[in-house]
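Take a look at the structure set out below.
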Amino acid sequence: MARKKFVCGNWKMHKTVAESVALVKELKAALVGVAGEVQVAVAPPFTALKPVADALGHGGPIELAAQDVHFEKQGAFTGEVSAPMLADVCCGHCLVGHSERRQLFGETDESVNKKVKALLAAGILPIVCVGETLAQREAGETLAMVGRQVRGGLAGLSAEQIGRLTVAYEPVWAIGTGKTATTAQAQEVHAAIRGLLRELAGGVADSVRIQYGGSVKPENAAELMSQPDVDGALVGGASLKADDFSKIVKGA
Ligand code: PEP
1 MARKKFVCGN
11 WKMHKTVAES
21 VALVKELKAA
31 LVGVAGEVQV
41 AVAPPFTALK
51 PVADALGHGG
61 PIELAAQDVH
71 FEKQGAFTGE
81 VSAPMLADVC
91 CGHCLVGHSE
101 RRQLFGETDE
111 SVNKKVKALL
121 AAGILPIVCV
131 GETLAQREAG
141 ETLAMVGRQV
151 RGGLAGLSAE
161 QIGRLTVAYE
171 PVWAIGTGKT
181 ATTAQAQEVH
191 AAIRGLLREL
201 AGGVADSVRI
211 QYGGSVKPEN
221 AAELMSQPDV
231 DGALVGGASL
241 KADDFSKIVK
251 GA
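Counting from 1, one number per residue, gives the positions in the sequence shown under this note's numbering.
Written out as structure tokens, the structure reads:
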């Protein structure tokens with residue numbers, strides 16, 4: 001089944017409002033005629049979501065994503081942002097379970113699952129991040145680890161709900177390190193994730209995009225995304241420069 005490639009830039013904790021708006025303006029210009037064939041989104045920090053939404057315009061070729069969400073709708077949760085608040089600033093997508101959230105901020109499969117449900121209820125499409133550490137890969141535990149994260153993060157979802165999300169496979173050892181999974185390593189895990197999605201959601205699995213993330217650059221993006229189950233990329237460092245990010249999109 002033909003799946004439209006989906007490339008999302010994760011800006012992490014980078015860019016002021018002015019820098020964010022300047023970057024999306026550059027991106028818009030660089031991607032004229034390309035975005036449309038490939039689905040493209042950017043995930044700025046919370047502070048820049050609304051200004052970036054305004055700069056992108058409604059229904060434009062580049063879509064808006066958030067980097068995280070709280071699973072409650074509102075309440076006494078100092079420092080948190082809810083799914084309805086993200087919808088209010090026109091966020092169409094949201095990362096969930098990024099390895100930095102898992103490693104540094106105590107994210108668990110259970111909280112990922114609650115966040116996925118909260119996002120879907122607010123009409124926002126989750127990008128559920130999974131991936132093994134180097135120690136887990138070396139111990140031969142990659143597929144078990146990723147399988148546990150997918151099952152946990154998607155627990156209790158209907159096939160229709162699974163059909164609305166994206167999975168991002170991001171080996172932890174490849175994030176921000178300059179080390180990229182080989183195409184064979186990526187394809188092996190992506191195919192295993194697709195198999196698991198088929199178990200959970202039947203034929204819907206064929207329409208779910210599975211992005212690869214981990215030191216994706218203009219030089220390696222096209223080859224990674226040429227694999228049958230690699231349906232796009234989640235890009236960190238290289239999404240901070242319009243030139244690099246647009247080259248990656250063009251490689252999709
Ligand atoms: C990420 O943060 O999701 C990521 C893949 O980062 P980088 O591209 O910098 O490895």
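Glycine included, each C-beta is placed from N, C-alpha and C at the ideal position.
Nothing here was measured: the structure is a model prediction, and the numbers come from that model.
{"Item": "Since E160 contacts G213 with CB under 8 Å, what's their CB separation in whole angstroms?", "Value": "Not really, about 26 Å apart at Cβ, beyond 8 Å."}
{"Item": "Considering only residues of the stretch 9-45, which uninterrupted alpha helix (DSSP H) runs meet the minimum length of 4 residues and lie entirely inside it, listed in chain order?", "Value": "17-30"}
{"Item": "Please classify I62: does DSSP put it in a helix, a strand, or coil?", "Value": "strand"}
{"Item": "Can N273 be considered in contact with ligand 1, in the sense that its beta carbon sits closer than 8 Å to one or more heavy atoms?", "Value": "Nothing in the structure corresponds to residue 273, since the chain is present only between 1 and 252."}
{"Item": "Is it buried or exposed, L307, if we count other Cβ atoms within 10 angstroms and call 16 or more buried?", "Value": "In the structure as shown, the chain begins at 1 and stops at 252. Residue 307 is therefore absent and cannot be evaluated."}
{"Item": "Check each candidate in G202, G156, L143 and T133 and name the one with the smallest Cα separation from E188.", "Value": "L143"}
{"Item": "Under 8 Å: does the beta carbon of E138 sit that close to some heavy atom of ligand 1?", "Value": "no"}
{"Item": "Going straight from the alpha carbon of C94 to that of E107, what length do you get?", "Value": "15 Å"}
{"Item": "Considering only heavy atoms of ligand 1, does any lie closer than 8 Å to the CB of S215?", "Value": "yes"}
{"Item": "Tell me the DSSP secondary structure of H98 in three-state form.", "Value": "coil"}
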